[in-house]
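K.L.:
Numbering (the numbering used here), first residue to last: 14 to 432.
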């Protein structure tokens with residue numbers, strides 16, 4: 014089929030993320046990808062400022078990751094995980110236990126970030142049942158959060174300004190505190206209000222779930238590491254299961270391997286995904302402490318009631334281990350610092366706010382972005398971006414060169430002016 018025919022079929026039949034089928038936004042045809050660039054039909058190579066929704070940290074067609082997939086597919090591409098196991102899953106779990114904050118030594122292999130969070134919430138609920146507190150069936154969280162698009166995940170996303178506000182009245186009702194302050198904000202004042210809210214609702218709360226250090230799709234909002242210690246103290250005081258959703262932040266994005274490391278805080282449950290496989294295949298994991306695992310086992314069912322068909326997929330596990338090996342043997346921290354330095358140029362853009370944390374750069378406008386115009390303007394600068402709401406942002410691959418980062422900043426500036 015010609016490119017025109019492919020795009021015509023796509024427009025008529027394929028439902029893209031967060032898109033209307035009645036009036037779909039334009040899509041670009043990708044013909045290849047390598048390093049920090051993707052190739053678009055009719056445009057050519059452009060720098061991917063999104064790292065395929067924050068996952069392709071090593072770039073595209075990395076020889077180590079390609080080789081890991083090829084080796085594994087010659088052995089087996091998939092087997093069920095019920096009653097069976099295999100070396101790729103075991104090796105991945107071993108690496109994760111070694112890398113994660115100490116104490117997170119039980120690993121559930123999920124097949125997407127949303128599923129990882131759903132499993133984390135189930136763990137918290139079953140833990141409370143195992144402890145003889147079945148009435149604890151709600152979650153404490155903060156406004157401005159985003160934890161995925163599946164049902165329970167939506168219930169802990171921002172209830173007002175978030176993309177799931179339309180489901181108000183249908184979703185389980187959770188307890189929302191104020192979003193954490195800006196990086197230069199008053200942590201003590203925020204913490205006092207959040208502590209009071211937790212105390213008021215403690216007897217019905219199973220867990221506390223947050224995105225540590227950086228709220229992602231709920232507004233790209235970074236906040237002080239001291240807030241993580243507040244979350245840990247509140248969870249300990251009231252017997253809550255503390256869940257850190259690091260689907261977006263895990264594996265170096267904010268400057269430490271895990272965002273939790275910035276405050277030396279260990280959650281009871283940790284969700285990771287996106288960059289786990291280097292953007293090659295869908296995989297996420299939910300890690301928990303032995304205490305949480307024992308609590309789940311003490312509940313009425315005695316087992317964790319979840320089991321995806323593609324749980325522990327060997328291909329995904331193999332490439333995830335290879336991705337973690339690249340992190341362990343490379344100098345990702347220096348790359349993130351270098352990217353951070355380059356992204357400081359965003360502060361020259363006239364905007365309501367500019368936020369830079371680790372390898373994340375955000376420009377906030379005073380109006381909703383015209384996505385089509387902003388995207389076209391960025392492409393003219395040789396950059397792929399995907400703005401949303403009033404935000405134009407980047408989470409680029411760590412392999413981006415200084416010139417790539419300069420191009421991304423120019424693309425964001427052009428998008429801000431056009432959109």
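Every residue gets a Cβ at the ideal spot worked out from N, C-alpha and C, and that includes glycine. Given the structure is predicted, the values throughout are model-derived calculations rather than measurements.
Using the C-alpha atoms, what's the distance from residue 88 back to residue 172?
P.N.:
46 Å
K.L.:
Enumerate, from N- to C-terminal direction, the unbroken beta strand (DSSP E) stretches of 3 or more residues contained entirely within the segment 176-257.
P.N.:
Listed in chain order, the complete beta strand (DSSP E) runs (minimum 3 residues) inside the segment 176-257 are 188-190, 218-223.
K.L.:
Determine which residues share a DSSP beta bridge with residue 304 and list them.
P.N.:
Answer is none; residue 304 lacks a bridge partner.
K.L.:
Going by other Cβ atoms of all chains shown within 10 Å of its Cβ, with 16 needed for buried, is residue 17 buried or exposed?
P.N.:
Counting of Cβ neighbours within 10 angstroms places residue 17 among the exposed residues, the total staying below 16.
K.L.:
Taking only runs of the beta strand (DSSP E) that begin and end inside the segment 98-143, which ones reach a length of at least 3 residues, in chain order?
P.N.:
If one requires a minimum length of 3 residues, the beta strand (DSSP E) runs lying completely within the segment 98-143 are 117-123, in chain order.
K.L.:
May I ask which residues mark the beginning and end of the alpha helix (DSSP H) holding residue 47?
P.N.:
Segment 43-47 is the beta strand (DSSP E) holding residue 47; no alpha helix (DSSP H) there.
K.L.:
Between the alpha carbons of residue 362 and residue 84, how many angstroms are there, rounded?
P.N.:
46 Å
K.L.:
How big is the Cα-Cα spacing for residue 216 and residue 137?
P.N.:
Computed Cα separation, rounded: 14 Å.
K.L.:
Residue 443 to residue 132, Cα distance in whole Å?
P.N.:
What the structure shows of the chain is the stretch from 14 to 432, and residue 443 is not part of that stretch, so it cannot be assessed.
K.L.:
Tell me which residue opens and which closes the alpha helix (DSSP H) that residue 23 is part of.
P.N.:
16-26
K.L.:
Around the C-beta of residue 412, are 16 or more other C-beta atoms found within 10 angstroms, so that it is buried, or is it exposed?
P.N.:
buried
K.L.:
With a CB to CB cut of under 7 Å and the five nearest residues on each side skipped, what residues in its chain are close to residue 208?
P.N.:
If the five residues before and after residue 208 are omitted, its C-beta is found closer than 7 Å to the C-beta atoms of 247, all from its own chain and listed in chain order.
K.L.:
Let me know the secondary structure DSSP gives residue 56 once reduced to three states.
P.N.:
In the structure shown, residue 56 adopts coil according to DSSP, grouped into three states.
K.L.:
Would you list the one or two residues that DSSP bridges to residue 51?
P.N.:
46, 59
K.L.:
Within 10 angstroms of the Cβ of residue 75, are there 16 or more other Cβ atoms? Answer buried if so, exposed if not.
P.N.:
buried
K.L.:
Quick check on residue 275: buried or exposed, where buried means 16 or more other Cβ atoms within 10 Å of its Cβ?
P.N.:
buried
K.L.:
State the Cα-Cα distance for the pair residue 422 and residue 100, rounded to the nearest angstrom.
P.N.:
43 Å
K.L.:
Are there three or more Cβ pairs, one per stretch, closer than 8 Å when the segment 304-315 is compared with the segment 326-346?
P.N.:
no
K.L.:
Does the Cβ-Cβ distance between residue 229 and residue 261 come in under 8 Å?
P.N.:
yes
K.L.:
Between which two residues does the beta strand (DSSP E) harbouring residue 153 extend?
P.N.:
151-155
K.L.:
Quick check on DSSP: helix, strand or coil for residue 299?
P.N.:
Reduced to three states, the DSSP call for residue 299 is strand.
K.L.:
DSSP beta-bridge partners for residue 405?
P.N.:
376
K.L.:
So residue 38 and residue 385 are in contact, right, with Cβ under 8 Å, and what is the actual spacing, rounded?
P.N.:
6 Å
K.L.:
Is it buried or exposed for residue 307, if we count other Cβ within 10 angstroms and need 16 for buried?
P.N.:
It is exposed - the Cβ of residue 307 has fewer than 16 other Cβ atoms within 10 Å.
K.L.:
Assuming contact is defined by CB atoms lying nearer than 8 Å, are residue 263 and residue 288 in contact in what I supplied?
P.N.:
yes
K.L.:
Just how far apart, CA to CA, sit residue 214 and residue 277?
P.N.:
27 Å
K.L.:
Measuring CB atoms only, is the segment 61-81 touching the segment 290-302, in the sense that at least three cross pairs come out at less than 8 Å?
P.N.:
Between the segment 61-81 and the segment 290-302 there are three or more inter-stretch CB-CB distances shorter than 8 Å, so the stretches are counted as touching.
K.L.:
Checking 8 Å against the spacing of the C-beta atoms, do residue 128 and residue 153 come in under that value?
P.N.:
no
K.L.:
Check whether the segment 321-333 touches the segment 154-171, counting contact only when three or more Cβ pairs, one atom from each stretch, lie closer than 8 Å.
P.N.:
Judged by Cβ distances under 8 Å, the segment 321-333 makes no contact with the segment 154-171, as fewer than three pairs qualify.
K.L.:
Can you list, in chain order, the residues of its chain whose CB lies under 6 Å from that of residue 379, leaving out five sequence neighbours each side?
P.N.:
365
K.L.:
Would you give the residue range spanned by the beta strand (DSSP E) that residue 370 belongs to?
P.N.:
366-370
K.L.:
Give me the residue from 331, 142, 414, 424 with the minimum Cα distance to residue 86.
P.N.:
331
K.L.:
My assumption, with CB atoms under 8 Å, is that residue 375 sits in contact with residue 367. Please give the rounded CB distance.
P.N.:
7 Å
K.L.:
Quick check on residue 28: buried or exposed, where buried means 16 or more other Cβ atoms within 10 Å of its Cβ?
P.N.:
exposed
K.L.:
Could you tell me the distance, in whole angstroms, from the CA atom of residue 194 to the CA atom of residue 203?
P.N.:
7 Å
K.L.:
Is residue 87 helix, strand or coil when you go by DSSP?
P.N.:
Collapsing the DSSP output to three states places residue 87 in coil.
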